[in-house]
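As structure tokens, the structure follows; a few thoughts come after it.
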Amino acid sequence: MISFAGAIEPFRIANRMAGRTLYRWRLAAEGGEEVTCSNGTRIRPDIGFEPLGRDEMVIICGGLDVQSETTRGLVAWLRREARKGLAMAGLCTAAHALAKAGLLDGRRATIHWENQDGFLEDFPEIELTRSVFVIDGNRMTTAGGTASIDLALTLIARTHGQDLANAVADQLVYSSIRTDQDTQRLSIPTRIGVRHPKLSQVIQVMEKNLEDPISPATLARDVGMSTRQLERLFRRYLNRSPKRYYMELRLSKARNLLMQTDMSVINVALACGFASPSHFSKCYRAHYDTTPYRERGSRSGRTEA
């Protein structure tokens, strides 16, 4: 809902600040049917998947379970409108829908950080970034949340000037307009609540090497510490061993892949650095109190959209 509202409100405010209609929009949904958001809000669309004019722009917003919500009808509509040369933007997880339609091939894109692992597995040919938003030609993608506001303000500035964009940002009490050079996640020190350079460096290496885990001894050596010093560092600041923290990172990625892709459990295990499915299942159950197979099965029972 934040992504959805963040894509509309800047344009509404731009019209108000300019004293004239600079932007118009219509809400579309398959079949023109009412849509219920995951927070319970109901949205009544103006149109179904009708043909659009060549001067229009398509902005699609994705939420939970975007894979199942990317229907054949949506993909067909996107492809048809793209052939007219229309600009298209995918907000939050909607980058998946654009990619499924083949509209991001050979381009740079972004998607919400929680969906990045699955996206990389499904669309390896797309250059995925961790930026707040990406504009590549007439294709735009955002990381979700308030990133829609940053994209909208950037588009307003490009078309009607930075002064108007700044005035809109002031109305939104939005004190810092981010660019496509800003990354979507908080820095490691902010995320873990600890500002220790060597600890941050080790965690960064861990996050980049989930498929082929690096031993604690090697991690310690690379930052100029002994294994025992590294152990004490993790115990002091994170109340767990380096091995345990690393395992939790790998299991978190595994859960994302199970919930967001159709990869087999075996392939998920391998992608997260587990040598055998049995070891993976044992670790997964110990951490999440369920098995990978049951986790995968629970996805089909989710009702949120």
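Be aware that the sequence shown starts at 172, since it is given in our numbering, and climbs by one per residue. Quick reminder that beta carbons are idealized off the backbone N, C-alpha and C, glycines included.
**Asked** In three-state terms, what does DSSP make of MET396?
**Response** coil
**Item:** Delimiting residues of the alpha helix (DSSP H) encompassing VAL237
**Value:** 237-240
**Request:** Alpha carbon to alpha carbon, how far is ARG191 from ARG213? Give it in angstroms, no decimals.
**Result:** 29 angstroms
**Asked** Opposite ARG279 in the DSSP bridges: which residues?
**Response** GLU298
**Message:** Could you tell me the alpha carbon to alpha carbon distance between ARG225 and SER174, rounded to whole angstroms?
**Reply:** 25 angstroms
**Asked** Can you list, in chain order, the residues of its chain whose CB lies under 8 angstroms from that of LEU429, leaving out five sequence neighbours each side?
**Response** VAL436, VAL439, PRO463, GLU466, ARG467, ARG470
**Request:** Kindly indicate which three-state DSSP category LEU404 falls into: helix, strand or coil?
**Result:** helix
**Request:** Inspect the CB distances between the region 277-284 and the region 325-342 and report whether three or more fall short of 8 angstroms.
**Result:** no
**Item:** Test: ARG465 CB closer than 9 angstroms to a CB of chain D
**Value:** No chain D appears in this structure, which consists of one protein chain only.
**Endpoints, alpha helix (DSSP H) assigned at ILE184** = 173-189
**Asked** According to DSSP, what are the bridge partners of MET228?
**Response** ALA258
**Asked** Going along the chain, which unbroken runs of the alpha helix (DSSP H) with 4 or more residues stay wholly within the region 301-331?
**Response** 318-331
**Message:** Starting from VAL436, trace the alpha helix (DSSP H) in both directions and tell me its first and last residue.
**Reply:** 436-442
**Request:** Tell me whether GLY472 sits in a helix, a strand or coil according to DSSP, three-state version.
**Result:** The predicted position of GLY472 is uncertain, since its pLDDT is 49 and thus under 50; a value taken from the coordinates is nonetheless stated next. GLY472 falls in the coil class under three-state DSSP.
**Message:** Less than 9 angstroms between the C-beta atoms of ILE218 and ALA265, yes or no?
**Reply:** no
**Prompt:** If you count every other CB in all the chains shown that lies within 10 Å of the CB of ARG473, and 16 or more means buried, which is it?
**Reply:** Any reading at ARG473 needs caution, since the residue's pLDDT is 47, under 50, leaving its predicted position unreliable; the model's value is listed next. Exposed, since its Cβ has fewer than 16 Cβ neighbours within 10 Å.
**Request:** Please report how far the alpha carbon of LEU409 lies from the alpha carbon of ASP460, in whole angstroms.
**Result:** 22 angstroms
**Item:** Closest by C-alpha distance to LEU370, when choosing among GLY233, ARG187, GLY395
**Value:** GLY395
**Request:** Report yes or no: do the region 346-354 and the region 376-384 share at least 3 C-beta pairs separated by less than 8 angstroms?
**Result:** no
**Asked** First and last residue of the alpha helix (DSSP H) that includes LEU429?
**Response** 413-431
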